[in-house]
Structure formats: C-alpha cells, structure tokens
Amino acid sequence: MCGIVGAIAERDVVPILMEGLRRLEYRGYDSAGIAVVDANQKMIRLRRVGKVKALQDGLDENPVVGVIGISHTRWATHGEPNEVNAHPQSSGDHLSIVHNGIIENYLSLKQELLDAGYEFESETDTEVVAHRIDFHLQKNNDLLAAVRATVAELVGAYALVIVSSKFPDRLIAARCGTPVVLGLGEGENYVASDVAALLPVTRRFIFLEDGDVADITVASMKVLDSEGNNPDRPVRKSQLSENAMDKGQYSHFMLKEIHEQPEAVANTLAERVAGGHLLEQAFGHKAHEVFSKTRAVHIIACGTSYHAGLVARYQIEQICRLPCSVDIASEYRYRNAVVADNTLYVTISQSGETLDTLEALRAAKKKGYLAHLAICNVPESSLIRESDLVLMTRAGPEIGVASTKAFTTQLTALALLAIALGRGGALDADTEQKLIGQLMQLPDLLKQTLKLDEEIKELAKRFADKLHALFLGRGIQHPIAMEGALKLKEISYIHAEAYPAGELKHGPLALVDDDMPVVTVAPNNELLEKLKSNLQEVRARGGELFVFADPDAGFKSEPGVTVLTMPAHVEEMQAPIVYTLPLQLLSYYADVIKGTDIDKPRNLAKSVTVE
Ligand code: G6P
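Have a look at this one:
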C-alpha cells in the first residue's frame, strides 16, 4: 500500500526521503511526492504520477534542498492516480501532509470546511485532514495541539506525518490502524510507515500504537497517547540487514525470492525442532496450555495467506483429527460466525498489517475464542503485538508483490502447528518424529526442484500468449492450484482459475478447448488415479495439458500433454510446499516473456492497509 517517509536533520533530508521511497515503492506506486521546507522557510512540494523514478527525474530538473521534509508513494483509494491527488496534500502554502489509510467521515468534515471558506483541489480524504489541521491552527497556534484536535475528529484508519513551514523545527506523526515507526538517529530523527524505509540511516525504532501522536525534533521524540499521557514506547533494535532489500544477481525480486525458499524454509524450521520433536514453546509460553485445550481451529487470512490456511485445514483434520474451518478475513469480519468451545483462532499474514486480517482478529476477540495465534513474517507488526501466541515465519523481507517465500514458509509454520496440535491427541511420538523428519528434508527437496528452472522457462513460452488458463488439483493440492492461478493472474494478467479436478465436469469443462491450457500438479498419492480420469476429460475436449508429476506417477508426454517430471517422490507433508515452486516459476517466466512489471504488478500492493 502507500509508503511514508519523514526526516528532520541538520543536513539535507531529500536523499533520505528519496531512498526511503525507493525502499517502500514495492508497497504501492501509482504516484509519488515530496515536500520540504527550504532555507528560506518556504514549503516546496513536488509530485509526479508514476514511479519514484519519475519524482527523482523531477528533482533532478528542479533540485530541492531542506533539513525537514516528508515523502510518499501512493496507491490510489480516494480519487484517481493523478498529480493533484498525489501526496503530500497541502493547506495554504505552509502545511503539507502525507497519509496512509482511509478517513471514513471525510465528507462531513469537508462540508464544515467548505462552509468555513476552505477550497479543495483534490478528491482525496487527505486534503480534508490537511485543511482541518490548518483550521485548528487558526484557533491555537500550536502544531501538535492542532494535529491532536484533528485526529480526535477522524473516523477511519490513518498513518499521518505533518510538516509546516511555520513550525520548521518539528514533524508531527499520528497512527490509528495503520503502522507508523519512528527512527532514532544521531542528531537527526525519522519517521516512516515501515522500518525498511529507514534501514540505511538507523536500526533503532519506536513503534507507535493506535491513538498515539508523536512530536519529532532533531533532538527529541515525544509520544502522547489519545489521553494525552506519555506512554512507555520502548526503543527496539531491528535485526534486518540493509541488503535484504537488494536484488543481487537476480533480475527481479520475485526470482530472487523464489530461489531463497530452501533457506527460508530451513530458517523457519530451525530452533523449532530438536531430536526429531517439535519444541512447543516456539509458539510462546502459553502454547502447551492452549494446545492441550484446543478442540477446533478457525483460520483467517487474505490472498496467498488464505491459500496457506486452506492447505493447513487438510493437515489439521488429518493429523490432529480436529475440525478446522478457513475464512477470508474480509468476509469473516461481517459474518456472525458461531464459535464452538475451545476453538483456537489462527491468523496468517506475511506483513501482519493487512487491515482485513487485523480487524478480523479484533472482531474475533469479542467472540470467546480459546486464544489467538498469529503466523506472520514481520516481528514488529500489529498482528504480532495483538496475538497471544505467535509463530514467526523467517522468510526475510519479501519485496515482490506476488508472494512466494512468504507462502512456503507459512506452509512450513502451519505444518508445525498441525504437529503441535496433534501431539496432545491423535498424533503418536513415532509419527511425530516421521513428520518432522519429512519437514527437515524440505530445504534439500526445494533445492532440487529449483533445478527445473530452465525447463520451466522453455515451457512458459507456450503460455505467454494465452488469454486464459485452468489450474487443477485434488485434495491438499487444490489450494496449491489456487495459488498457482493467483500467481499467474497477479503478475502476467492472464485470466486463470483453479478448480478441484473432480469439479471440472460440473461446469468449467465447458470452457476447455484447444486454446485453454490446463495446468495440474500430480504427486503420487491416493487421489492420483482419480486425477488421471479428470485429466482424460480435458484431453477428450482438446485441452492442452501441462502436468507437474511425481517420477512414478506414470505420466508420459504426448501430443497435447506436456509432462514435467519432478526430481523426487515426495510425501504428503512435503508435497504442497514442493509443488508450489514449479507453479511460481511458470508464472514468473510467462511474465518475463510478456514484459510485465513483475515485482510491481498493476493495481496491486504488497501490504493492503485499507479495507
Ligand atoms: C496483498 C498482497 C498479497 C497477499 C495479501 C495478504 O493482497 O498483494 O500477495 O497475499 O495482501 O497479505 P498478508 O501480508 O496479510 O499475507
């Protein structure tokens, strides 16, 4: 989603603001802007439609220098992506603000401002906030007080950073429902929507909580909560390495992240197992108490993370013999779900900031679940802070919008959860040891699977010109087919749908002809023969089949059927993770041929912090 950076220093802050934007650009990117107070105490603002590069070109033509400023990359919500709607938004010639989130009551606030004589240039909710701050400043010439009075009137979600040339010694930041992090420097201070933006300048961070407003000067950071008290907000040190954000030898982050999966999965398993057993405490000190009481599981997530939840359902039912339901977060929020006694609520999120998932967790807290567990990749995220139990995936920063290593590490973490939950009941010690052993083989299996890279690159040539594709899977492979279809649509804009293979004959078979490629994943499991029959239905209608198959599954390439043999037989516990990789590579290479913007697909954002 949108990205925010702010800085106050005794040197020019423009390079800090621009580098921060480049690091956040993966989150949202239809326009970008910057506002700084220059040496003559004048507010200078520059905005451009398009990527951060367009803004940098603008700055190269009209250089701007200043010791205090803010910058923003926008992913449009209110108003189309044009220069007028880009941030910073301003009020008069002195005040500039950047905003992530959505203000729900902006129209009523706007009306009052129109009545008071304010004029509006943009269609944004953000401009309303800018004028509102100015409106309060007229009564009381104190920027911090004016921002506090304004946020008290706002309904919705926001991360805000405000600068005014009338107060050139401070930045004000505010948070409600959308992340804000303060960065502590030496004789300078920063603010951003994500630590990643500030890693080149600091490792020391303070995370604002909902309702907080921060007053930031070169020498100090003062945080006030919504009551006006000074809450204790600890300084945390980030372990993220700066070059986690570089593409290295790869042409895209997505390809780099696909190839990082053996290591990411190994990191997710490390220290969570010992002597063939799972270390339950990895989920938190209350884990044993909670897991031993758990009688049902309810999983909530969005997008790719939702697909991970669907895979986990099969494992939790199979291994633990516990009922498990899976919901899309934006649906769960507005559904009056019935909660059985002792149900564990599990959220899955790469970012830990997806608003739908966070709000679903908040809604769930009123429903009497046994406990709330989060599977997440960002330790500093809101989801982690608001959950009782946590298992971090250790994928490292994922920059490509299309999720890859975050997904396979989620699957790994969820497999550990299934083992942890099974242990108190249906799962005996020998089976636990066997399953853990299978998980430990994954990094090696993934490395072998990545060797299919060149073969899949060739295969992708037959895909790139297609308008539609079908993905089929059965059982636990159905969500993997769904994830394969999502990858293809997200980055290549090819319309792709996934179906359980047995459902094909109930409708989608009507779409199959010689222009409809059908992709399927075929591990050698108990459903293999059923899958083969379903594939015959496709062949009989002239559909072209692409099968990623187990070496012993008995598939052979023939006209109309292309079989790509996987490097090894894999077990049921391993198959969802291993079979994900060829589907990721297939969409990646189809996109390379199509020439789409792979790491930053149109209309999408990495972390969606609006409803
Ligand atoms: C966005 C991203 C998806 C992601 C989804 C959920 O839509 O583009 O790749 O799966 O959000 O994100 P989360 O951070 O909660 O896993």
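Going from the sequence shown to the working numbering is simple: count from 1 and add 289.
We put the CB at the ideal spot given by N, CA and C, even for glycine.
Counting only residues of its own chain and dropping the five nearest sequence neighbours on each side, residue 826 has a CB closer than 7 Å to the CB of 793, 794 and 798.
Taking a C-beta distance under 8 Å as the contact criterion, residue 443 and residue 471 do not qualify as a contact pair. A direct Cα-to-Cα measurement between residue 346 and residue 398 gives close to 36 Å. Checking the 7 Å criterion, the Cβ of residue 895 is within range of a heavy atom belonging to the ligand G6P. The Cβ atoms of residue 784 and residue 689 lie no closer than 8 Å to each other. When the five nearest sequence neighbours on each side are left out, the beta carbons in the same chain lying within less than 7 Å of the beta carbon of residue 842 are those of 811, 813 and 817, in order along the chain. Sequence-distant Cβ neighbours of residue 382 in its own chain, meaning closer than 7 Å and more than five residues away, are 332. Going by DSSP, residue 864 is part of the alpha helix (DSSP H) stretching over 864-883. The shortest C-alpha to C-alpha distance from residue 418 to any of 428, 429 and 441 is the one to 441. Shortest gap from the CB of residue 869 to any heavy atom of the ligand G6P: 7 Å or more. In this structure residue 416 is buried. Its beta-carbon is surrounded by 16 or more other beta-carbon atoms within 10 angstroms. Between the ligand G6P and residue 707, a heavy atom-to-CB distance of less than 7 Å is absent. At least one heavy atom of the ligand G6P is found less than 7 Å from the C-beta of residue 639. Annotation: the continuous alpha helix (DSSP H) that includes residue 556 extends over 550-558. Non-local beta-carbon contacts of residue 510 in its own chain, meaning distances under 8 Å to residues more than five positions away in sequence, involve 471, 473, 478, 495, 503 and 504 in chain order. By the Cβ rule, the stretch 548-556 counts as touching the stretch 669-687, because three or more pairs are nearer than 8 Å.
Judged by the Cβ position, residue 682 fails to qualify as a neighbour of the ligand G6P at the 7 Å threshold, every heavy atom of the ligand being at least this far. Relative to the non-hydrogen atoms of the ligand G6P, the Cβ of residue 598 never comes closer than 7 Å to any of them. Straight across, the Cα-Cα distance linking residue 344 with residue 306 is about 11 Å. Between residue 634 and residue 653, the gap from beta carbon to beta carbon is short of 8 Å. Just so you know, the alpha carbons of residue 759 and residue 887 end up roughly 21 Å apart. Assignment of residue 684 by DSSP, reduced to helix, strand and coil, places it in the coil class.
Less than 8 Å divides the Cβ of residue 763 from the Cβ of residue 790. Note on geometry: alpha-carbon atoms of residue 745 and residue 878 lie some 8 Å from one another. Sequence-distant Cβ neighbours of residue 570 in its own chain, meaning closer than 7 Å and more than five residues away, are 576. In the DSSP assignment, residue 478 forms a beta bridge with 297 and 473.
Rounded to whole angstroms, the gap between the alpha carbons of residue 673 and residue 468 is 13 Å. Here residue 389 is bridged, per DSSP, to 448. Residue 463 and residue 768 have their C-alpha atoms spaced approximately 39 Å apart. Contact between the stretch 586-597 and the stretch 734-748 is not established, with fewer than three Cβ pairs separated by less than 8 Å.
Nearest in C-alpha terms to residue 339, of all of 369, 870 and 354, is 369. Boundaries of the beta strand (DSSP E) harbouring residue 837: 833-838, taken from the DSSP string. Here residue 389 is buried. Its C-beta has 16 or more other C-beta atoms within 10 Å.
Looking at the backbone, the Cα of residue 626 and that of residue 658 are separated by about 11 Å. Taking residue 885 as the centre and dropping the five residues before and after it, the same chain places the C-beta of 780, 781 and 782 closer than 7 Å to its C-beta, in chain order. Its Cα nearest to that of residue 528, the residue 484 stands out among 562, 324 and 484.
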